[in-house]
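Novice: Shown below is the structure under consideration.
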Ligand SMILES: NC(=O)c1ccc[n+]([C@@H]2O[C@H](COP(=O)([O-])OP(=O)(O)OC[C@H]3O[C@@H](n4cnc5c(N)ncnc54)[C@H](OP(=O)(O)O)[C@@H]3O)[C@@H](O)[C@H]2O)c1
């Protein structure tokens with residue numbers, strides 16, 4: 189496996205959230221490593237195309253060895269951004285663009301290669317052969333070690349797999365967004381051995397008392413019974429699936445990260461898992 193069991197998401201490290209300074213980013217990387225969270229999730233667009241480079245500077249200053257961490261990045265989303273001269277938010281997946289963006293991410297992150305590169309979202313205009321051409325080239329050049337996608341359907345993955353191996357998939361999945369548990373995507377990944385990463389694994393946990401009171405109540409009762417936090421239940425819920433979901437977590441608070449790491453060792457009972465599913469969806473299974 190090419191990621192740690194928990195993955196640190198970097199989407200809100202910079203301009204899109206916490207605006208961490210270089211030294212704060214460097215200590216965040218160190219804190220993650222000390223907890224065994226060695227994989228960092230990026231995308232070219234984070235912070236309006238600025239966060240990767242900020243991370244790269246902090247990583248260089250930290251003096252941590254490249255081999256001690258794994259870096260994931262993505263491309264394909266083009267923001268409606270004046271610096272890029274884009275008039276509309278769109279997707280771009282021609283071979284030249286993919287190669288140039290990966291090279292840009294590697295340069296920004298100051299890292300020689302990406303451990304995994306993902307297509308950020310499927311495009312209605314994507315040409316799978318054209319995409320495969322760029323991925324094969326990037327692998328041959330040693331610029332990416334693994335290739336995957338994000339927010340694809342099982343069918344889209346199968347179609348792309350006819351041209352190039354799809355090794356990983358990052359999708360939205362949480363106790364608050366249960367569709368992947370009830371459509372065929374996780375079973376697909378289990379049978380095809382596709383490494384599965386969940387983004388926003390906590391769902392809207394901190395707003396549940398407004399959004400889904402029944403689920404909040406069930407979690408409150410379970411948190412007392414398991415003597416844990418609701419956020420830990422969110423991770424344990426994902427971890428129960430046999431595919432071995434890797435949560436991409438967004439917190440930058442070491443204590444919270446440590447608690448989420450501890451949740452990987454929790455054993456949620458079968459019926460408690462279904463109690464959460466039922467409360468989340470508002471009805472029992474058929
Ligand atoms: N592939 C895609 O399309 C896609 C889309 C969205 C995101 N992502 C990736 O997924 C990563 C995580 O997304 P996310 O930030 O939505 O994930 P999340 O881990 O579900 O949510 C993190 C948020 O929950 C807050 N939080 C509140 N209570 C918490 C607790 N007890 N423990 C932990 N966190 C708590 C955190 O605040 P504090 O920081 O203050 O703790 C943080 O703002 C992103 O950084 C990005 O890398 C990918």
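In our numbering, the protein residues as written are 189 to 474.
C-beta atoms are modelled at their ideal positions from N, C-alpha and C, and glycine is treated no differently.
Ignore the nearest five residues each way along the sequence and tell me which others in residue 411's own chain have a CB closer than 7 Å to its CB.
Specialist: One-based indexing of the chain shown puts residue 411 at position 223. These residues qualify, in order along the chain: 417, 418 and 421.
Novice: What are the boundary residues of the beta strand (DSSP E) that includes residue 207?
Specialist: To locate residue 207, count along the chain shown from 1; it is residue 19. Careful: residue 207 lies outside any beta strand (DSSP E) and carries neither H nor E.
Novice: What are the start and end residues of the beta strand (DSSP E) that includes residue 334?
Specialist: In the chain shown, counting from the first residue as 1, residue 334 sits at position 146. Element bounds for residue 334: 332 to 338.
Novice: What runs of the alpha helix (DSSP H), each 4 residues or longer, lie entirely inside the stretch 218 to 292?
Specialist: 234 to 237 and 239 to 250, all fully within the stretch 218 to 292.
Novice: In the DSSP assignment, find the unbroken alpha helix (DSSP H) run with residue 308 in it and report its ends.
Specialist: As a working mapping, residue 308 is identified with position 120 in the chain shown. That residue, residue 308, is in no alpha helix (DSSP H); it is neither H nor E in DSSP.
Novice: Just to confirm my understanding: we take residue 368, look at its own chain, exclude 5 residues before and 5 after, and list those with CB closer than 7 Å. What are they?
Specialist: Within the chain shown, numbered from 1, the residue matching residue 368 stands at position 180. Contacts found: 359, 361 and 374.
Novice: Please report the straight-line C-alpha distance between residue 217 and residue 262, rounded to a whole angstrom.
Specialist: Counted from its first residue, the chain shown places residue 217 at position 29. Counted from its first residue, the chain shown places residue 262 at position 74. Going from the Cα of residue 217 to the Cα of residue 262 covers about 20 Å.
Novice: Have a look at residue 239 and residue 198 and give me their C-alpha separation to the nearest angstrom.
Specialist: As a working note, residue 239 is residue 51 in the chain shown. As a working note, residue 198 is residue 10 in the chain shown. Straight-line Cα distance between these residues: approximately 8 Å.
Novice: Comparing alpha-carbon positions, which option in 342, 318, 347 and 357 lies nearest residue 335?
Specialist: As a first step, residue 335 must be located in the chain shown, where it is residue number 147. Selected option, being the one with the closest Cα: 357.
Novice: For ligand 1, is there any heavy atom lying closer than 7 Å to the beta carbon of residue 197?
Specialist: On the chain shown, position 9 is the one that residue 197 refers to. Yes - ligand 1 has a heavy atom lying nearer than 7 Å to the Cβ of residue 197.
Novice: Give me the Cα-Cα distance between residue 366 and residue 474, rounded to the nearest whole angstrom.
Specialist: Residue numbering aside, residue 366 sits at position 178 when the chain shown is read from its first letter. Residue numbering aside, residue 474 sits at position 286 when the chain shown is read from its first letter. Straight-line Cα distance between these residues: approximately 15 Å.
Novice: Which residue's Cα is closest to the Cα of residue 214: 252, 394 and 395?
Specialist: Mapped onto the chain shown, residue 214 falls at position 26. It is 252.
Novice: Does the count of Cβ pairs from the stretch 392 to 402 and the stretch 341 to 354 closer than 8 Å reach three?
Specialist: The stretch 392 to 402 is not in contact with the stretch 341 to 354.
Novice: If you pair each beta-carbon of the stretch 241 to 248 with each one of the stretch 290 to 307, do three or more pairs fall below 8 Å?
Specialist: Touching, per the Cβ criterion.
Novice: Do residue 338 and residue 307 count as a contact pair if the criterion is CB distance below 8 Å?
Specialist: Taking the first residue of the chain shown as 1, we reach residue 307 at position 119. Taking the first residue of the chain shown as 1, we reach residue 338 at position 150. Cβ distance < 8 Å, so residue 307 and residue 338 count as in contact.
Novice: On the CB-based measure, 16 or more other CB atoms within 10 Å of its CB, does residue 303 come out buried or exposed?
Specialist: Here residue 303 refers to the residue found at position 115 of the chain shown. Answer is buried; the Cβ neighbour count reaches 16.
Novice: I'd like the list of long-range same chain contacts for residue 276, defined as Cβ closer than 8 Å, with 5 residues on each side in sequence excluded.
Specialist: The residue you call residue 276 lines up with position 88 of the chain shown. The answer, listed in chain order, is 268.
Novice: How is the alpha helix (DSSP H) around residue 413 delimited, first residue to last?
Specialist: Position 225 of the chain shown holds residue 413. Here the alpha helix (DSSP H) through residue 413 covers 401 to 414.
Novice: Where do the N-terminal and C-terminal ends of the beta strand (DSSP E) with residue 434 fall, by residue?
Specialist: For the purposes of this step, residue 434 is taken as the residue at position 246 of the chain shown. Looking at the DSSP string, the run of the beta strand (DSSP E) that includes residue 434 is 434 to 437.
Novice: Since residue 196 sits in a beta bridge, which residues does DSSP pair it with?
Specialist: For this step, residue 196 is matched to residue 8 along the chain shown. Its beta-bridge partners are 228 and 437.
Novice: Could you tell me whether the Cβ atoms of residue 325 and residue 287 are closer together than 8 Å?
Specialist: Within the chain shown, residue 325 is the residue found at index 137, counting from 1. Within the chain shown, residue 287 is the residue found at index 99, counting from 1. Yes, the Cβ-Cβ distance between residue 325 and residue 287 is below 8 Å.
Novice: Quick one: Cα of residue 221 to Cα of residue 195, how far?
Specialist: Numbered from 1 along the chain shown, position 33 holds the residue referred to as residue 221. Numbered from 1 along the chain shown, position 7 holds the residue referred to as residue 195. Cα to Cα, residue 221 sits roughly 11 Å from residue 195.
Novice: Are there 16 or more other CB atoms within 10 angstroms of the CB of residue 340, so buried, or fewer, so exposed?
Specialist: As a position in the chain shown, residue 340 is number 152, starting the count at 1. Under this definition residue 340 is a buried residue.
Novice: When DSSP labels each residue in this structure, what does residue 359 get in the three-state scheme?
Specialist: The residue labelled residue 359 in the question sits at position 171 within the chain shown. Three-state result, residue 359: strand.
Novice: Is residue 475 near ligand 1, going by C-beta to nearest heavy atom under 7 Å?
Specialist: The question about residue 475 has no answer here: the residues shown for the chain are numbered 189 through 474.
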